[in-house]
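Mapping of the sequence shown onto UniProt numbering: position 329 corresponds to residue 329, and the numbering continues sequentially without gaps. Glycine included, every Cβ here is placed at the ideal spot set by N, Cα and C.
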Amino acid sequence: MPPGDLNLKKSWHPGLAKNQAKVKQREEEALKERQKAAERQKEIASEQYEADLLKLQGKQASKLGWMYRDGAEQKKGGLSDATKEDYLLGKKRVDEQFFEQFKKTKQRESMSRQELQKTKLDPMAAIIARKKRRDAKKTGYPQNPHRAPIVLAMESGRNSVKVVGTTSDHGKFALLAQQIEGDAGGYVTPEAVALKIADRIIHFFPEIETAIDLCSGAGGNSIAFARCGFQTIAVDVDPAVHIDAQHNSHVYGVYNIEYVQGSATKVPLSELADPATTIVFSSPEWGGPIYKNQETFDVEVCRPRVSEIIEHAHSQGFNRIVLFLPRTSNLNQLADMGAKYIDYMFQGTWCTAMCAWWC
Numbered sequence: 001m002p003p004g005d006l007n008l009k010k011s012w013h014p015g016l017a018k019n020q021a022k023v024k025q026r027e028e029e030a031l032k033e034r035q036k037a038a039e040r041q042k043e044i045a046s047e048q049y050e051a052d053l054l055k056l057q058g059k060q061a062s063k064l065g066w067m068y069r070d071g072a073e074q075k076k077g078g079l080s081d082a083t084k085e086d087y088l089l090g091k092k093r094v095d096e097q098f099f100e101q102f103k104k105t106k107q108r109e110s111m112s113r114q115e116l117q118k119t120k121l122d123p124m125a126a127i128i129a130r131k132k133r134r135d136a137k138k139t140g141y142p143q144n145p146h147r148a149p150i151v152l153a154m155e156s157g158r159n160s161v162k163v164v165g166t167t168s169d170h171g172k173f174a175l176l177a178q179q180i181e182g183d184a185g186g187y188v189t190p191e192a193v194a195l196k197i198a199d200r201i202i203h204f205f206p207e208i209e210t211a212i213d214l215c216s217g218a219g220g221n222s223i224a225f226a227r228c229g230f231q232t233i234a235v236d237v238d239p240a241v242h243i244d245a246q247h248n249s250h251v252y253g254v255y256n257i258e259y260v261q262g263s264a265t266k267v268p269l270s271e272l273a274d275p276a277t278t279i280v281f282s283s284p285e286w287g288g289p290i291y292k293n294q295e296t297f298d299v300e301v302c303r304p305r306v307s308e309i310i311e312h313a314h315s316q317g318f319n320r321i322v323l324f325l326p327r328t329s330n331l332n333q334l335a336d337m338g339a340k341y342i343d344y345m346f347q348g349t350w351c352t353a354m355c356a357w358w359c
């Protein structure tokens, strides 16, 4: 790749030396595991062969041999003559051996109960448990260093682009899972991700009052914007999709969404809202799951094209724009189009998508 390539900022990019080292390490570990498995299979085959020989020779171990073994001798696999005489003379009893084993088991159980009771009474343990539960519920930046936010900047002739990471809880729209309408249901943005995008807009642009959702589809993002208090305008070219989106919004008790039929690159945005207090959001069609197999996704494959959406919004006087795109999107293309921030959306430890911000 050319020097100053923004795609190398992706932590999972295969061109990075650290990722190549990880791949090599995993391959070596896998080879060692296969070698261990092969050795173990040989041992099992050898043991089975010896067992078959013993069966043929009729040299099976006595079924009562365990009665004359103590713990140390069981590990060795044999009995001394002195131990055999002790059992025969009555110096050792089989029931005493069972009782000792039972007593050891009870002692271990008692110790476990005591440790559990101490943990319950320890106030610090309760504080740590509460902290873990609180951290698990957080939807902001995670504490896990592997998911920590990445803030980078590059000056390479393009605009300065910042790459950050945002974590959200996993899951699609819970209420829509059973009641969603329309074929667009499979393309609904996960609920936590949609709410996180709306929350980020509130955080960065507190003056924003209206959100225009271009290519609104089944209405996942429109519902999230409305729930967060934005006056929401959903734009889509298909009127049937608006009917499904309206149903889905009513499932969440959201009724303040205005639906406009029209193309994302032709609708008169300036007639719908004031550019000074409005942000334009769009999640164009990515072209199906093919993007998952691409190392770098060409954003111009989207329908409508990303450049057309940006050009149309700017021509209408709207400078605050957010695009929801695949996580493998080409950062060089977005930087050339004037993107200022790249916000990767995480669900747990998995990066699901990214948002490109113009402001």
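For residue 352, the closest of 91, 6 and 189 by C-alpha to C-alpha distance is 189. In this structure, the beta-carbon distance from residue 307 to residue 337 falls below 8 Å. If the five residues before and after residue 265 are omitted, its C-beta is found closer than 7 Å to the C-beta atoms of 304, 308, 309 and 312, all from its own chain and listed in chain order.
Taking a contact to require three or more Cβ pairs closer than 8 Å, the segment 229-242 and the segment 289-301 do not qualify as touching. Of 257, 195 and 5, the smallest CA-CA separation from residue 210 is found for 257. Short of 7 Å from the beta carbon of residue 254, and not among the five residues preceding or following it, lie these beta carbons of its own chain, in chain order: 223, 226 and 227. Rounded to the nearest whole angstrom, the CA to CA distance from residue 90 to residue 105 is 25 Å. Residue 49 sits in a helix when the DSSP states are folded into three classes. If you draw a straight line from the Cα of residue 198 to the Cα of residue 323, it is about 12 Å long. Counting only residues of its own chain and dropping the five nearest sequence neighbours on each side, residue 267 has a CB closer than 6 Å to the CB of 235. For residue 260, the enclosing beta strand (DSSP E) covers residues 257-261. One thing to note: residue 344 has its Cβ within 8 Å of the Cβ of residue 327. Collapsing the DSSP output to three states places residue 223 in a helix.
Only exposed fits residue 348, as fewer than 16 other CB atoms lie within 10 angstroms of its CB.
Boundaries of the alpha helix (DSSP H) harbouring residue 246: 239-251, taken from the DSSP string. When DSSP states are grouped into helix, strand and coil, residue 16 belongs to the coil group.
Residue pairing by DSSP places residue 285 opposite 303 in a beta bridge. Taken through DSSP and simplified to helix, strand or coil, residue 211 comes out as strand. Judged by beta-carbon spacing, residue 245 lies beyond the 8 Å limit of residue 273, meaning their Cβ atoms are not closer than that value.
Less than 8 Å separates the beta-carbon of residue 318 from that of residue 269.
The straight-line gap separating the alpha-carbon atoms of residue 193 and residue 25 is approximately 33 Å. DSSP places residue 264 outside both helix and strand once states are collapsed to three, so it counts as coil. Here residue 300 is actually not in contact with residue 215; their C-beta atoms are around 15 Å apart, not less than 8 Å. Look at residue 322 here: in three-state DSSP terms it is strand. Boundaries of the beta strand (DSSP E) around residue 234: 231-236.
In this structure, residue 6 keeps its C-beta atom at 8 Å or more from the C-beta atom of residue 16. For residue 199, the enclosing alpha helix (DSSP H) stretches over residues 191-204. Assigned with DSSP and collapsed to three states, residue 328 falls in coil, not helix or strand. DSSP places residue 278 within a strand segment (E or B) once states are collapsed to three. When the alpha-carbon of residue 237 is set against those of 212, 263 and 335, the nearest one is in 263.
When C-alpha distances from residue 201 are compared across 239, 191 and 280, the shortest belongs to 280.
Put simply, of 51, 329 and 275 the residue whose alpha carbon is nearest the alpha carbon of residue 208 is 275. Residue range 269-272 is occupied by the alpha helix (DSSP H) that includes residue 272. Look at residue 356 here: in three-state DSSP terms it is strand.
Residue 302 holds the alpha-carbon nearest to the alpha-carbon of residue 334 among 315, 85, 350 and 302.
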